[in-house]
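**Student:**
Numbering (this note's numbering), first residue to last: 18 to 574.
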């Protein structure tokens, strides 16, 4: 079917997995169920010569059936396995005389058991390669020494412990606040203090530079489902010491403001200005100047546009440009969702280890206090997907306090009657998706406090054109030209409009040697066409099908 009908065969939305399932249900003694990820993993674990590659549809199916046929033959020759199967089958079960269904189960078992085992055994460095040589008692003594484990260090340790002893810095950042660098840099600094205090052995790289983090952790690459790049896991002796001492007074969400300010003053950051922004963000100079002026005047701005126009990418770099440097300590990034609440944002009671509840400060409250104690510098609070949250529920009395004219004005909060104000040196940058029909409209009371800035595709900007020239790909150029034609039709569609145009971000980040036919086809097939199917869900034949043909045609001319 794939060979005969090609892409046209996808109009019925029946992929290889679905069709192979139908065939197996009809002919269970002849076919198996195809799952790309499972088959690929099974082949790798068993070190099979059959290789599965993304996008190689026909070859993958051929290799899959050849591979599973070989597995089935091996299983059929195993008398003990056949007896175990026969002993466990009841009269209601399918007899599976050819063992095709057992072969499917075998592949599933292999991928689940041995992938998990590989993950558990993949921590580095192994004990035979390096250990700091610190016992549980050594760690307990260090944990009581405030010159080694300060308040921030204990927060980091408790964060790892509460998260299950293993996490990426990004996971801890999302769970307990602060940015990822707080956990990364804090761990490195702590490990150095431990080495200075104990004179323990340290691990060095081939170039002679010291690796500090293995004093505290073992690590591995993060899996695809784990946010972040690298997972750290507490060393067993350190974990046991942490469990043996009392950490109940360590507040995970507390902010050591003095330490933050001192670090801010002593740090040297990379410079960043208008030219850097325009080189990275595909926006015209005129729009950049207008965006900067609007944010300075209003202090609160919403960058609105369809997915792929670079809202999130631009937000952080806009903060850098206003600061004149890359200082992530003065930036806080969060994402709203339906369960995000006032208690998460400002303050509220949260469950504790002993089964009770304790007052905890939210991310915006803590960030405001940080900015309040350093009025000479600007701070930037970035909120992604604002229209996914219940704005009135999250902001509460802050609807008034975030307004420019009321900055610095105190108001009593709902909890504990605390006086609170939003400092004048905080700028709020918000991103809003205009293409998702399921999202809520912005509350009018909140809308009045923000200026709205349209983010549009940057295909015509000098920055994107320079990027295009570096790729030097005729197929890429043809595809971009076709996308611009598509955007013109989307903008003219009364049911859509310019807020639904395809953004340039889908095509960014490629190097010249990566800009291949296969990569571009993947972008079209798995990024662009699914979005068009959502846009024109009621007009697939007249709208989506012709554009599918045009986009693929642009790559094949």
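Every residue gets a Cβ at the ideal spot worked out from N, C-alpha and C, and that includes glycine.
If you draw a straight line from the C-alpha of residue 455 to the C-alpha of residue 387, how long is it?
**Tutor:** Taking the first residue of the chain shown as position 1, residue 455 is located at position 438. Taking the first residue of the chain shown as position 1, residue 387 is located at position 370. Reliability of the predicted coordinates at residue 455 is poor, the pLDDT of 47 falling under 50, and the value obtained from them is presented with this limitation in mind. Distance between the alpha carbons of residue 455 and residue 387 is about 36 Å.
**Student:** Check residue 211 in the structure and name its three-state DSSP category.
**Tutor:** Indexing the chain shown from 1 puts residue 211 at position 194. Helix, per DSSP.
**Student:** Under 8 Å, with one C-beta from each stretch per pair, do the segment 167 to 182 and the segment 136 to 155 reach the 3-pair mark?
**Tutor:** Touching, no.
**Student:** What is the DSSP secondary structure of residue 37, reduced to helix, strand or coil?
**Tutor:** In the chain shown, residue 37 corresponds to position 20, counting from 1. Reduced to three states, the DSSP call for residue 37 is helix.
**Student:** Thinking just about the alpha-carbon of each residue, which of 516, 256, 314, 96 is nearest to the one in residue 421?
**Tutor:** Start at 1 with the first residue of the chain shown, and residue 421 comes out as number 404. Taking only the C-alpha atoms, the option nearest residue 421 is 314.
**Student:** Please confirm whether residue 321 and residue 174 have their CB atoms less than 7 Å apart.
**Tutor:** Working through the chain shown from its first residue, we reach residue 321 at position 304. Working through the chain shown from its first residue, we reach residue 174 at position 157. Cβ atoms of residue 321 and residue 174: not closer than 7 Å.
**Student:** Can you give, in chain order, each stretch of the alpha helix (DSSP H) that sits fully within the segment 480 to 532 and has at least 4 residues?
**Tutor:** DSSP runs (the alpha helix (DSSP H)) wholly in the segment 480 to 532: 491 to 509.
**Student:** In whole angstroms, what is the alpha-carbon distance linking residue 411 and residue 495?
**Tutor:** Along the chain shown, one-based indexing puts residue 411 at 394. Along the chain shown, one-based indexing puts residue 495 at 478. For residue 411 and residue 495, the distance between alpha carbons rounds to 45 Å.
**Student:** Quick one, which of 95, 50, 107 has its alpha-carbon nearest residue 82's?
**Tutor:** Position 65 of the chain shown holds residue 82. Looking at the Cα atoms, 50 is the closest of the given residues.
**Student:** In whole angstroms, what is the alpha-carbon distance linking residue 568 and residue 555?
**Tutor:** The sequence position of residue 568 within the chain shown is 551, counting from 1. The sequence position of residue 555 within the chain shown is 538, counting from 1. Going by the C-alpha atoms only, they are around 20 Å apart.
**Student:** Give me the residue from 407, 425, 392, 381 with the minimum Cα distance to residue 398.
**Tutor:** For the purposes of this step, residue 398 is taken as residue 381 along the chain shown, with counting starting at 1. With distances taken between Cα atoms, residue 398 lies closest to 381.
**Student:** What does a CB cutoff of less than 8 Å around residue 222 pick up in its chain, not counting 5 residues either side in sequence?
**Tutor:** Here the question's residue 222 lines up with position 205 in the chain shown. Cβ neighbours of residue 222 beyond the five flanking positions: 228.
**Student:** For the segment 183 to 246, which segments carrying the beta strand (DSSP E) assignment without a break, of at least 3 residues, lie completely within its bounds, in sequence order?
**Tutor:** Counting only runs of 3 or more, we get 234 to 238.
**Student:** For residue 507, I'd like the list of residues in its chain whose CB is within less than 6 Å of its CB, leaving aside the five on either flank, ordered along the chain.
**Tutor:** In the chain shown, counting from the first residue as 1, residue 507 sits at position 490. Counting only Cβ-Cβ distances below 6 Å, and skipping sequence neighbours, we find 513, 517, 518.
**Student:** Can you give me the C-alpha to C-alpha distance between residue 33 and residue 92, rounded to a whole angstrom?
**Tutor:** For the purposes of this step, residue 33 is taken as the residue at position 16 of the chain shown. For the purposes of this step, residue 92 is taken as the residue at position 75 of the chain shown. If I take the Cα positions, the gap works out to 25 Å.
**Student:** Residues in the same chain with beta-carbon distance under 7 Å from residue 306, minus the five sequence neighbours each way, listed in chain order, please.
**Tutor:** The sequence position of residue 306 within the chain shown is 289, counting from 1. Taken in chain order, the list of residues that qualify is empty.
**Student:** Please name the residue, chosen from 302, 291, 319, 367, that lies closest to residue 343 on a Cα-to-Cα basis.
**Tutor:** Position 326 of the chain shown, counted from the start, is the residue given in the question as residue 343. Out of 302, 291, 319, 367, 291 has the C-alpha closest to the C-alpha of residue 343.
**Student:** May I ask you to verify whether the segment 349 to 363 touches the segment 543 to 557, counting CB pairs closer than 8 Å and requiring at least 3?
**Tutor:** Short answer: they don't touch.
**Student:** Do you know offhand how far residue 351's Cα is from residue 89's?
**Tutor:** Your numbering for residue 351 matches position 334 in the chain shown. Your numbering for residue 89 matches position 72 in the chain shown. Cα to Cα, the separation comes out at about 50 Å.
**Student:** Should residue 80 be labelled buried (16 or more other beta-carbon atoms within 10 Å of its own) or exposed?
**Tutor:** Residue mapping note: residue 80 aligns to position 63 of the chain shown, counting from 1. With 16 or more Cβ atoms within 10 Å of its Cβ, residue 80 is classed as buried.
**Student:** Around the Cβ of residue 476, are there at least 16 other Cβ atoms within 10 angstroms (buried) or fewer (exposed)?
**Tutor:** Indexing the chain shown from 1 puts residue 476 at position 459. By the 10 Å Cβ count, residue 476 comes out buried.
**Student:** Around the Cβ of residue 329, are there at least 16 other Cβ atoms within 10 angstroms (buried) or fewer (exposed)?
**Tutor:** Taking the chain shown and counting its residues from 1, the one referred to as residue 329 is at position 312. Looking at its Cβ environment, which holds 16 or more other Cβ atoms inside 10 Å, residue 329 is buried.
**Student:** Could you tell me the boundaries of the beta strand (DSSP E) in which residue 64 lies?
**Tutor:** In the chain shown, counting from the first residue as 1, residue 64 sits at position 47. From DSSP, residue 64 is part of no beta strand (DSSP E); its letter is neither H nor E.
**Student:** What's the call for residue 564, buried or exposed, on a 16-neighbour Cβ count within 10 Å?
**Tutor:** Taking the first residue of the chain shown as 1, we reach residue 564 at position 547. So residue 564 ends up on the buried side.
**Student:** Tell me which residues share the same chain as residue 121 and place their Cβ nearer than 6 Å to its Cβ, disregarding the 5 neighbours each side in the sequence.
**Tutor:** Residue numbering aside, residue 121 sits at position 104 when the chain shown is read from its first letter. The answer, listed in chain order, is 49, 50.
**Student:** Mapping the DSSP letters down to three states, classify residue 364 as helix, strand or coil.
**Tutor:** On the chain shown, position 347 is the one that residue 364 refers to. DSSP places residue 364 in strand when its eight states are reduced to three.
**Student:** If you follow the beta strand (DSSP E) that residue 439 is in, where does it begin and where does it stop?
**Tutor:** The residue you call residue 439 lines up with position 422 of the chain shown. Taken as a continuous stretch (DSSP letters only), residue 439 belongs to no beta strand (DSSP E), as it is neither H nor E.
**Student:** How many whole angstroms separate the CB atoms of residue 540 and residue 523, which I take to be in contact at a CB cut-off of 8 Å?
**Tutor:** The residue labelled residue 540 in the question sits at position 523 within the chain shown. The residue labelled residue 523 in the question sits at position 506 within the chain shown. Indeed, because the Cβ distance is near 6 Å, the residues count as touching under 8 Å.
**Student:** Are three or more beta carbon pairs between the segment 182 to 201 and the segment 240 to 260 nearer than 8 Å?
**Tutor:** Cβ pair count under 8 Å is three or more, so yes.
**Student:** With distance defined between alpha-carbon atoms, name the residue in 418, 482, 260, 346 nearest to residue 297.
**Tutor:** By 1-based counting over the chain shown, the position of residue 297 is 280. Checking every option, the nearest Cα to that of residue 297 belongs to 482.
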